[in-house]
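Numbered according to our numbering, the first sequence spans residues 7 to 572. Ideal Cβ placement from N, Cα and C applies to all residues, glycine included. These notes are about the structure you will find just below.
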Amino acid sequence: MSPTNPAPAASDFIRDLVRADNEQGTFAGRVQTRFPPEPNGYLHIGHAKAICIDFGVAEEFDGVCTLRFDDTNPDTEDTEYVDAIIADVAWLGFELAVPVRYASDYFEQLYVWAEHLVERGLAYVDDQDGDMISVQRGGYGMPGVESPNRDRTADVNADLFRRMRAGEFADGTHVLRAKIDMQHENMQMRDPVLYRIRRQHHHRTGDSWVLYPTYDWAHGQSDAIEGVTHSLCTLEFDSHRALYDWCLDHLPLPGDRPRQTEFARLELTHTVTSKRRLATLVADGVVDGWDDPRLPTLRGLRRRGYPASAIREFCAFIGVSRTNSRHQIELLESFVRTELNQTSLRRMAVLRPLRLVITNWPDNADGTALVELFEVSNNPENPADGVRQVAFSKTLYIERDDFMVEAPPKYFRLTPGSEVRLRGAYFVRCTGFTLGDDGSGDVVEVQCTYDPDSRGGTAADGRKVKSTMHWVSADHALDATVALYYRLFTAEVPGEATGEAFDDLNSESRELLSGCKVEPALGATEAGQVVQFERLGYFAHDPRQPLLFHRTVGLRDEWANIQKRA
RNA sequence: UGGGGAAUGGUGUAAUUGGCAACACAGCAGUUUCUGGUACUGUUAUUCAGGGUUCGAGUCCUUGUUCCCCAACCA
């Protein structure tokens, strides 16, 4: 299903680059990419961009893309995340052409290559503590200081390194460092740490290693082992590229030398994409879990009814550049709406019910109110979705703000004396209303008469009404709970501008409405299905609760628009 | 403080590489409409600043300004 947004000509310097490589025969026309998440959290909308680029580029140039877990730090990693990430990539719509890879598969090879460096005097064991190493590294514009251990002989280093692996030293006491240049202007090149000792159970290698490679020692080599040609990552790794190349330069590598290229990560307004902060929200119980519909995790978005295809279209549209930018959530939502407008079923639901009584509605012979069934289209955009029967009777519910006692100009809905259409049913004219006896002035009931000659919603005499309203039959309606969300996580609740800064981890972005009245067909909605509540927006049926609906996106800013005109 | 990256309407992305600054989102106005939605049409608004080269500069040169990233035994 493709949205009606015209295919954009988004800039994509990476595709241009790959194309140029192919023309020049750089990798003999071969294209291989990889998506390398660390399994320490769940994928979010930011990752979706990277996935679309990594898998998309491979697909477009008849290459392959590997899903590789960068599991070099056992402290925070877990199979829970591995499984979730695999599932989320699949949900987004990308198939794995090759089995899942793990950096931990290469631990032995990486160790051997480290020995190779040690033998050539290109790496040394340092037994200073972390603070000292950090201080010696120097600062921006300030030279570093060489470690006193920097000039140990290759034999001594080889021996120490073996003993590190053998578990002779305590955690944090020894590291292996590359011997590069402590005066280098790029801080990453000031003798970076390649291995650290950490007695921590690894989710795949168990306790067989006490030694773990750092990202910098694992990443480029993993790319090389797998045959990656284009190693695409985000801008913050820019300064690591020199080290990436240095490692590859000093190793006897098979095949092509992979090349790293960086692009700007995705940022969205109203959205938190820091894995650390998301983890905090989950850990602190601010949200229900990683799939809380307020979160921009792929699971959260899925539960909230975002179609994977809309996310992919969005990523294709925004393109790839090296400019840091923060896209508006409205753009993403417009892709969601475009998609959902084609695919979602229409249903009638009343979020804030107001009773409407048709005073001239006929009774049955036994004195009970007559019930009439109407056929209503499931989706006018797609007649193939068919029709359903909806019950209509004397007492109905309409939306509370679809009636006003004193209506402003240009208010087209129900007001004393006015006539409107009840969708798919009859024209009704308002003849009166009842105020509650609590003195608040709130209307508790509206009385109308109906025009029997307007059955099905078309008047026999051809007269028109300015408004069509949704309704549910009081005797048939189900009670539901509807969760309204204001953007993704960072709230912009009407009347309570919280801004975009994410200083307050407890900011609430959800309003739960209970006592909503929905038509019976919604009770049978499949879990996870997205429906359009007429005029209100798109809502996803919660997969775990029978009559709980999450608002996916609204139809524009429906209430804001209405109130502005009212 | 050193190095690297980036600056185009309100937002984001383009511009055949020196040749009429466009596309989308948001906004506004209108047409259609069994929902004030959808669809369609119209419309507002843009090259960070100064200087230079040129018939011609978003694009080239120069000076400046602003923003982002880098000093984990994280990735």
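Endpoints, alpha helix (DSSP H) assigned at residue i
i, result
"G438", "Segment 433-441 is the beta strand (DSSP E) holding G438; no alpha helix (DSSP H) there."
"K55", "51-66"
"W97", "85-98"
"T286", "281-289"
"S228", "221-232"
"T487", "Note, T487: premise wrong, no alpha helix (DSSP H); beta strand (DSSP E) at 484-491."
"V478", "No alpha helix (DSSP H) holds V478; the beta strand (DSSP E) holding it covers 477-479."
"R309", "304-309"
"A160", "160-172"
Status (buried if at least 16 other CB within 10 Å, exposed otherwise) for residue i
i, result
"L376", "exposed"
"H53", "buried"
"Q170", "What sits at residue 170 in the sequence shown is Met, not Gln. So M170 counts as buried."
"R328", "exposed"
"E101", "exposed"
"M195", "buried"
"M354", "buried"
"G69", "buried"
"T558", "buried"
"K416", "exposed"
"T159", "exposed"
"T647", "Outside the displayed span of the chain (7 to 572) sits residue 647, for which this structure offers no information."
"S446", "exposed"
"E191", "exposed"
"E339", "buried"
"T496", "buried"
"G173", "exposed"
For residue i, the first and last residue of its enclosing beta strand (DSSP E)
i, result
"R183", "181-184"
"D132", "129-132"
"L542", "No beta strand (DSSP E) holds L542; DSSP gives it neither H nor E."
"S237", "236-240"
"L554", "554-559"
"L361", "Correcting the residue identity first, residue 361 is Arg in this sequence and not Leu. From DSSP, the beta strand (DSSP E) with R361 extends over 359-364."
"Q535", "That residue, Q535, is in no beta strand (DSSP E); it is neither H nor E in DSSP."
"T349", "Unbroken run through T349 is the alpha helix (DSSP H), 335-349; no beta strand (DSSP E)."
"E44", "No beta strand (DSSP E) holds E44; DSSP gives it neither H nor E."
"F398", "393-398"
"F269", "265-269"
Nonlocal neighbours in the same chain, by C-beta distance under 6 Å from residue i, ignoring five residues either side
i, result
"E502", "Because E502 sits at a pLDDT of 48, beneath the cut-off of 50, its placement in the model cannot be relied upon, and the point is left open."
"L23", "none"
"Y250", "G226, Q266"
"T401", "V363, A480"
"E114", "none"
"G505", "Unreliable positioning characterises G505 in this predicted model, as indicated by a pLDDT of 44, which lies under 50. The coordinate reading is nonetheless provided below. None."
"L528", "R353"
"A164", "V124"
"T474", "R427, R429"
Other residues of its chain near residue i: CB distance less than 8 Å, five sequence neighbours each side excluded
i, result
"R358", "E405, R406, D407, L519, C522"
"E232", "Q38, R40, T72, R74, R107"
"D81", "R204, Q206"
"R343", "Y544, V559, L561"
"A533", "H547, D548, P549, R550"
Nearest neighbour of residue i, chosen from the options [CA to CA]
i, options, result
"S245", "F269, E232, D229, A230", "F269"
"V471", "D187, L441, S446, V434", "V434"
"G311", "L402, F380, W97, L484", "W97"
"E3", "H476, T303, F67", "The structure shown does not extend to residue 3, since the chain is modelled only from 7 to 572, so the question has no answer here."
"N46", "N28, G35, T78, R25", "T78"
"L274", "L287, A285, R309, I324", "I324"
"G178", "N163, M193, Y218, N155", "Y218"
"T464", "V449, H482, V426, L346", "V426"
"S228", "R271, E65, N192, S110", "S110"
"L304", "V450, I51, G31, E29", "I51"
"F175", "D135, G212, R210, E152", "D135"
"T32", "G261, D213, Y221", "G261"
"E514", "V293, G462, V393", "V293"
"D222", "D448, F243, H209, L238", "F243"
"L182", "W119, T211, Q334", "W119"
Cut-off 7 Å between Cβ atoms - residues of its own chain near residue i, not counting five sequence neighbours on either side
i, result
"T437", "T365, Q453, C454, T455"
"G150", "Q142, R143, G144, M188, Q189, R196"
"D467", "none"
### Query
Contact between the region 484-496 and the region 293-300: three or more CB pairs below 8 Å?
Contact between the region 484-496 and the region 293-300 is present: 3 or more CB-CB pairs across the two stretches fall below 8 Å.
### Query
Between the region 413-423 and the region 372-391, do at least 3 Cβ pairs fall closer than 8 Å?
Taking 8 Å as the limit for Cβ pairs, the verdict is that the region 372-391 does not touch the region 413-423.
### Query
Can we say the region 311-325 touches the region 49-67, given the rule of at least three CB pairs closer than 8 Å?
Verdict: yes, contact present.
### Query
Does the region 276-284 touch the region 537-549, meaning 3 or more C-beta pairs lie closer than 8 Å?
For the pair of segments examined, the region 537-549 was found not to touch the region 276-284: the number of CB pairs separated by less than 8 Å stays below three.
### Query
Quick one: any contact between the region 82-94 and the region 114-128, if contact means 3 or more CB pairs under 8 Å?
no
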